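Chemist: When you line the sequence shown up against this note's numbering, it's residues 1 to 293, in that order.
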Amino acid sequence: MDRVPPRRLAPASSPPGSRLAMNRNPLPKRGNTKMACSECKTRKQRCRGGPPCENCVKAGSECVVDETTDKRRKVADKRKVADLEDKESLLFDLVRILRHSDSAKSAQLLDLIRSNASLREIRSFLDVQLDRSTLERTPELLEAQSRLTAYPENKPPVPERPVVMDIRRLVDIPPFSVPARPWTTVTSDDGLVSHLVSLWLAWCHPVWNCLDRDLFIRDMQAAKLDCKLCSPFLVNCILAEASCLCDYPEVFTVPGDMTSRGAHFYEEAKRLLETEAGRASIPFLQGITTFEV
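Next comes the structure, spelled out in structure tokens:
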């Protein structure tokens, strides 16, 4: 009897999940590099993959990518360096100008710079707090304003601040806690008023020492209109000036307009000035001093 030759077996079928795995992991697509290597530039070939790229692998040559020759990156770096140098030069000039000035306003502006205020805030301080006659009497401030006015014109506009509570507001605990009512009708937010009063006592009071801090805080915390060392007029004057040092959304009369900070407190103080005219009192004189500053 003839022997039947062995029959070849078909290859075993793949497990059910293997084909799915192959489909899930497709081969990476071949793409061009962002910057061609030196060899491909010399041969004027399209540089793919790598490094080493496909052309250098086939030719057995060294694949070298010199990123320092990328003109696009160099232009962007030059622009960034120039912008940083302009800002550094501007701030150094401001400090140099203010350091040699005896004006109290100059000292207040220097304190604002030391508090890490932005260029827009510094420019707003010069525009809002100082009138033209004050600037002309202080050549240093006039020079500082001209530098700040000329600098931002060619810069891209800063996006407006969204009207949301800043994370800093959530963790901010003002050194002095005082009530909003009955001192102002602009807001009933005790936290905002406490923050503004604390700002004023920290930055403005050392320059314009026109009141006793402890006695003023004592009477303001008492929340009584018949007290001797606090009044709605004085409080609104303080809140208006302190708003220029604050970037909370609540101090903006016009959202995003830096020059509108504290305008509502200023209008309230102006209204109270007309009603209290002729009434001699310590808070009235202190408020007048702050109001004119």
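Backbone N, C-alpha and C define an ideal beta-carbon position, used for all residues, glycine too. Please read these numbers as outputs of a predicted model, since none were measured by experiment.
So glutamate 241 is in the alpha helix (DSSP H); what residue range does that whole segment cover?
Modeler: Position 241 of the sequence shown, counted from the first residue, corresponds to residue 241. Looking at the DSSP string, the run of the alpha helix (DSSP H) that includes glutamate 241 is 232-243.
Chemist: Quick one: give me the first and last residue of the alpha helix (DSSP H) that histidine 205 is part of.
Modeler: Numbered from 1 along the sequence shown, position 205 holds the residue referred to as residue 205. Where histidine 205 is concerned, there is no enclosing alpha helix (DSSP H), given that its DSSP letter is neither H nor E.
Chemist: Does threonine 289 come out as helix, strand or coil in the three-state DSSP assignment?
Modeler: Reading the sequence shown from its first residue, position 289 is the one you call residue 289. Correct three-state label for threonine 289: helix.
Chemist: May I ask which residues mark the beginning and end of the alpha helix (DSSP H) holding valine 46?
Modeler: Here residue 46 refers to the residue found at position 46 of the sequence shown. Looking at the sequence shown, residue 46 is not valine but arginine. First-last for arginine 46: undefined, no H or E at that position.
Chemist: Tell me the residue span of the alpha helix (DSSP H) that contains valine 57.
Modeler: Taking the first residue of the sequence shown as position 1, residue 57 is located at position 57. Where valine 57 is concerned, the enclosing alpha helix (DSSP H) stretches over 54-59.
Chemist: In the structure shown, what three-state DSSP assignment does phenylalanine 176 receive?
Modeler: By one-based count along the sequence shown, residue 176 stands at place 176. Looking at phenylalanine 176 - three-state DSSP - the assignment turns out to be coil, as it is neither helix nor strand.
Chemist: Which of the three DSSP states, helix, strand or coil, is assigned to arginine 279?
Modeler: As a first step, residue 279 must be located in the sequence shown, where it is residue number 279. Three-state DSSP puts arginine 279 in coil, outside helix and strand.
Chemist: Can the beta-carbon of tyrosine 248 be found less than 9 Å from the beta-carbon of histidine 195?
Modeler: Counting from 1 along the sequence shown, the entry for residue 248 is found at position 248. Counting from 1 along the sequence shown, the entry for residue 195 is found at position 195. In contact: tyrosine 248 and histidine 195 (Cβ atoms closer than 9 Å).
Chemist: With arginine 213 as the anchor, note down where its alpha helix (DSSP H) starts and where it stops.
Modeler: Residue numbering aside, residue 213 sits at position 213 when the sequence shown is read from its first letter. Element bounds for arginine 213: 213-222.
Chemist: List the DSSP bridge partners of arginine 261.
Modeler: As a first step, residue 261 is located in the sequence shown; it is residue number 261 there, counting from the start. Arginine 261 pairs with Phe252.
Chemist: Answer yes if the stretch 197-207 comes into contact with the stretch 274-283, meaning at least three C-beta pairs across the two stretches below 8 Å, and no otherwise.
Modeler: Because the criterion of three Cβ pairs below 8 Å is not met, the stretch 274-283 and the stretch 197-207 do not touch.
Chemist: Closest to alanine 59 by C-alpha separation, out of Pro174, Met258, Glu39, Met35, would be which residue?
Modeler: What you label residue 59 is simply residue 59 of the sequence shown in a count that begins at 1. Checked all of Pro174, Met258, Glu39, Met35; the closest Cα to alanine 59 is Glu39.
Chemist: Can you give me the C-alpha to C-alpha distance between isoleucine 210 and alanine 240, rounded to a whole angstrom?
Modeler: Taking the first residue of the sequence shown as 1, we reach residue 210 at position 210. Taking the first residue of the sequence shown as 1, we reach residue 240 at position 240. Position check: residue 210 holds cysteine in this sequence, whereas isoleucine was assumed. Roughly 16 Å separates the two Cα atoms.
Chemist: Give me, in chain order, the residues of the same chain whose beta-carbon lies closer than 8 Å to that of valine 178; leave out the 5 immediate sequence neighbours on both sides.
Modeler: Taking the sequence shown and counting its residues from 1, one reaches residue 178 at position 178. Answer for valine 178: Asp190, Val193, Ser194, Val197, Ile217, Met220, Gln221, listed in chain order.
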